[in-house]
Every structure is written in C-alpha cells, then in structure tokens.
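Chains as they are written, first to last, in this note's numbering: chain A, 1 to 282; chain B, 1001 to 1337.
Note that CB positions come from ideal geometry on N, CA and C, so glycine has one too.
Here the structure is a predicted model, which is why all the values come from computation and not from measurement.
Before any comments, here is the structure.
Structure below.
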C-alpha cells in the first residue's frame, strides 16, 4: 500500500495476528500435549511448555497404539490412510479425465443425457447414498479391505466436470491439427490433452488427497478390523469412552501424525500450483 | 505435388441449411489459389472440406486424381496452417514440427533432417528448443508453416494464417509466403477475407459469397471484369462505385472504379459529386460524396492524383465509357457490352 495510515496498519495487523493465534494455538496445544505424560496433562492448568516425553509418546503410538483402548499402531494406520488418500485421487483423476474426454471430444448418442446424469450426481453427497453403498460393499465382501475403503469414493462428478470445463477451453484447432498430423483420438489424448492437464490434475490431486485422508464416516463403517483403521478412525477409536481414562498425550501424538501428510502434500504441491498458474499454456 | 479438383461440392448441415451450394474448380498442380470472401461466406468450410475436417455432403473432391471424400485428413496428403496456429503449447518448436512425422513412423534421422531443412527455410534454427509461448506472433506463424512444410504434402491449406498478425508483419509474411511458394512449388489453397492478401498472393482466386463461387479467375482479370455487383463491390479499396442508371431503357447499375473518375471542367462532366469527405493518403487523395447537387444521389468515391486540390463542394467528373461496367440491377450479374 502506498498510503501511510498507522491506525489502519495497526488494526489490520491486529486482526491478522488474532486470526493466526486462533488457528495456531490449538495446534500448539496439541503438540505440547503430545510431549507430556498423561499425568502432567491432567494437571490444571496444563503446562504450555514442551515436556520430555516426545520420543516416548510417538514411539508408543507408532508401534503399539494406545495402552488402554485401540491397540492399532499408528504406523499401520498411516499406511492405510496413505493408501486411501492416494488411490482415491489417482482413481478419480484417471476415471474422470477419460469420461470428460469422451463427453467433450466424441459425438455419441445420449451424450448430453450422460453428461447431465453425471452432473446430477454432484448433488448427492456420500452421506445420502451411504446405506445402499454400504450394503453393496458388504454383499461384495469388501468390508475391511482397501478396495472397500476406496472404490466407492472414486467416482467423481466434480472432477469430471472440472476436466470437461478445462477441455472446452482448449481450442478445437488443436484437436484438428493433431488429426491432420495423423494422431488417433487416444494418441491426441496421451500426447496433447494429458500434458496440458497437468496443472488441473495437480490441483485435483491436492484437493482429493486431503479429501481421502480426512474421510471419516465411510472408513468408520467399513473397517472393524484394527489393522484396517485409517489414522482419523484410529484417533476416534483411541478415545475409549465409558469410564476408561483417555490417554490424551497419545491421542494428541496421533493427531499430529495425522496432520503431517496433508500439510506436506499442500506444501510440496503448492510450488506446482504457482508454476501452473504462472505458465498459462494455451 | 498434385492438382485438386472440386466437382459440384456441396455442404449442408441440415436439409434446410445449405452452406456450400455447388463449387466447381480445377486447381492446377503447383498453383496458388486464394479463396476470398466476407465472413460467413463458407470459404473456411470449403477449405476444411478439402482438409477432411468437414464431411462432403455432395459432389467430389479429388487430390492428385484420387477422390478423397471419405479419407481421413492424415490420408489425404495435405498440411494445414490454422488461423490461431494451433501449435501444441507444451511441445518445443522442434517437437511441434516433428510430431506428425513421428506418428507416421519416420526414422529419427530423417525427421531431424526434415525439421532442420524447414527451420533453415523459415529461419527458425535458433528457436527449436523454445516453447510456442516464448515466441512472437510472426515466429509462431513460421512454426505453423514449418509444421506443414516438414510433411512434404501434396497440398498446403491455409486458413486465414495472417489475420492474427499486425499490419507490418502481415506484409512481411505475405512476401515470405510468396517466396516459399516459388521455392517449394506446392499446390496451395489459401483462405482470406483480406482482398489485398488475395490480390497479391493469388495466381487465381475464387470470390465466394453466400456459399457460392461468384467468380473464379486471375486477380487482375477479376479486378478488370467483375462478374457480379458483389465482386465489383468487394474487390478494390475503395470498391467500385455502383450507380443506378438506365441502359437501353432498362434499370441497370453502372460501375466505375474510383480511379477511373477524373475531375474535369463543368462542361465535359458526365456527373457531379457533392464532396463531403476527404482522405489524403499521400500518393493520392480519396474524396467521397453523393452524386448530383442535392445530396440525394448514390454515394461514390473518387481517387484523385495528389496534385489535384481536393475540397468540399461540387466536383464535376467524367469517365472513359470503355472503363465503365454494366450490371443487371435485378440479378447483379455483368452485362457484356
């Protein structure tokens, strides 16, 4: 800003600092709690300085889970979450880019009908169709499996729609030039559309990775076996409920572990994002 | 290289909506033919039908004696240059030119040799590693042409390739196109709405209007003897003056080019122009006005030599009757003297 108005500067900074504190403080408390023993956390007021149990707590959750409630080790849960958070976006991107390709570049009977069918499913969130979906997965014997965790969440109208919108911005002449060059439709898809969609794919990957990682309701329903728990479910299962004491130090350690991969993905892919936004290739 | 024949070529999207109404033309081997017309006249559609990007509803298109109506573009042995160049944005200049050759399965060395040769002709040697976005408009245009050249096709098809360039570059590329054609001698079909481009590039041209070929001929021949009032009004800048008149007792249109109207003494005048607009161009001066003295007559343009002092007001003019054209006012077609 060119203007020099100290009050405005002060006020806007105050608002920003408050905002940062509101977001960062709970994260800080989570981290602090993961470095103490259960006893020190339980003292009121809780210490806001790091304790000496960091290594012990993380080793405990990574290898053996909580001592009282769920015995699932966080390492296994992280693997499960990672599988889910990778298979869902990759599957979504693969399926939706091909359906968008069909809808935009081919003239087949009922093309618009199918497009609108896909579009209409945008209005149905997972929760609405969760009972029938669960029934299908259960009948197919896919409970407590990676397939059961991921397949029902792969179909995506949003991604199809996004790719369709992107393909429609690519000039028709590009497809025609490829045709004159002798490229078959699939060759055009591989050699031209796919490389041009890199940015869109990266954006979708980030969004869907976090979507997959943070899934709660669906894994809660289809996993009963501790070895199939995802991290988010693991946290829930570590809270024993009833009269047992929750081991907050371990739960918080798991929460920190659960936060790291999405944060990492966002930070790493952000570079890509910016690169994609700066280089408008069209 | 090959001759191209269009035999009663028609195109309709629905039975009611016909956009090309039967075009006939024989394009000789190595000839440079320009398809000229206003937007929406079907000129691009006609070109795209030759390319194989649009189906042919009726009639026949033959390239090198082979009917290509049902062939895919890649099997027609043509290369096309698009208006917006349609370069692959993510590929380097080299890859843009090599892509079609790779698909055809040419050997690597062969591809490299062809690309190198084309890059030399088009002076693109220093840019082969660049992406299209790092090139200027004129360079992109060259890459698009390079992509066509490396295919060594029977026919080049150009769809308004110069219309995205600024005026200066357009003149330069026009000259380069001419040189290129002289050098390669490939049969070329060039679509444009710019009559200057058409006049300067064409060996022969087709003037199209409303999906019909109004006239086919050499540029100067068309300029000298326009077949219809449309052609007379489309070619030339400013276009031919068309003045309602009587000829042998019937309504007709008298056509006189602005340069064929010359100022004269009041007594010799065949008509008087009430001048209201003057455009000095340096080499000559254009004046515009209505015929007659009351401002109610047809609007005409007169091209004056720069030495003539142009001013607003009455300007008596005459013309050589040998330079006058007559058109039927109902059909618009030329009446031969």
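Review point. Can you list, in chain order, the residues of the segment 104 to 118 of chain A whose Cβ is nearer than 7 Å to any Cβ on chain B?
Key: none
**Study point:** For residue 1208 (chain B): DSSP bridge partner residues
**Key:** B:1213
Practice item. Give me the Cβ distance between residue 1326 (chain B) and residue 1227 (chain B), rounded to the nearest whole Å; I'm assuming they're in contact under 8 Å. Key: The distance from the Cβ of residue 1326 (chain B) to that of residue 1227 (chain B) is about 12 Å, inconsistent with a contact at the 8 Å cut-off.
Review point. Is there at least one Cβ from chain A nearer than 7 Å to residue 1088 (chain B)'s Cβ?
Key: yes
Point to revise | Three-state class that DSSP yields for residue 1013 (chain B) in the structure shown | key: coil
Practice item. Give the DSSP-derived three-state secondary structure of residue 65 (chain A) in the structure shown. Key: In the three-state reduction of the DSSP assignment, residue 65 (chain A) falls in the coil class, being assigned neither a helical nor a strand state.
Review point. Identify the residues that DSSP records as bridge partners of residue 1326 (chain B): which are they?
Key: B:1254 and B:1335
Point to revise | chain B contact residues for residue 19 (chain A), given Cβ-Cβ distances below 8 Å | key: Within 8 Å Cβ-Cβ: nothing; residue 19 (chain A) doesn't reach chain B, min ~38 Å.
Check your understanding: According to the neighbour-count rule (16 or more other Cβ atoms, all chains shown, within 10 Å of its Cβ), is residue 1240 (chain B) buried or exposed?
Key -> buried
Check your understanding: If we ignore side chains and look at the alpha-carbon of each, how far apart do residue 282 (chain A) and residue 192 (chain A) end up?
Key -> Because the pLDDT of residue 282 (chain A) is 42, which lies under 50, any placement of that residue in the model is unreliable, and the number read from its coordinates should be weighed accordingly. Their Cα atoms are separated by approximately 11 Å.
Review point. So with Cβ pairs under 7 Å, would you call residue 1084 (chain B) a contact of chain A?
Key: yes
Practice item. Return the bridge partner residues of residue 1315 (chain B) from the DSSP annotation. Key: B:1273
Check your understanding: Does any C-beta atom of chain A lie closer than 7 Å to the C-beta of residue 1094 (chain B)?
Key -> no
Check your understanding: For residue 71 (chain A), does the three-state DSSP call read helix, strand or coil?
Key -> coil
Practice item. Would you verify that the beta carbon of residue 1007 (chain B) is, or is not, closer than 7 Å to some beta carbon of chain A? Key: Not flagged as an interface residue toward chain A: residue 1007 (chain B), since no C-beta distance is shorter than 7 Å.
Check your understanding: So the alpha helix (DSSP H) residue 15 (chain A) belongs to, where does it begin and stop?
Key -> Element bounds for residue 15 (chain A): 6 to 33.
Check your understanding: Does the beta carbon of residue 181 (chain A) come closer than 7 Å to any beta carbon on chain B?
Key -> yes
Exercise for review: Note the first and the last residue of the continuous beta strand (DSSP E) segment covering residue 1344 (chain B).
Suggested key: Outside the shown range of chain B (1001 to 1337) lies residue 1344 (chain B), about which nothing can therefore be said.
Point to revise | Among A:108, A:159 and A:91, nearest to residue 122 (chain A) - alpha-carbon criterion | key: Checked all of A:108, A:159 and A:91; the closest Cα to residue 122 (chain A) is A:159.
Review point. Is the segment 1087 to 1097 of chain B in contact with the segment 1046 to 1056 of chain B, if contact means three or more CB pairs nearer than 8 Å?
Key: no
Exercise for review: Go ahead and label residue 1322 (chain B) buried or exposed: buried means 16 or more other beta carbons lie within 10 angstroms of its beta carbon, across all protein chains shown.
Suggested key: exposed
Point to revise | CB of residue 1150 (chain B) within 7 Å of CB of residue 1202 (chain B), strictly | key: no
Review point. Would a check of beta-carbon distances place residue 185 (chain A) closer than 7 Å to chain B?
Key: Chain B, which has no Cβ nearer than 7 Å to the Cβ of residue 185 (chain A), makes this no.
Review point. Can the beta-carbon of residue 92 (chain A) be found closer than 7 Å to that of residue 154 (chain A)?
Key: yes
Practice item. Starting from residue 1246 (chain B), follow the beta strand (DSSP E) in both directions and report where the run begins and ends. Key: Counting along the chain, the unbroken beta strand (DSSP E) around residue 1246 (chain B) starts and ends at 1241 to 1247.
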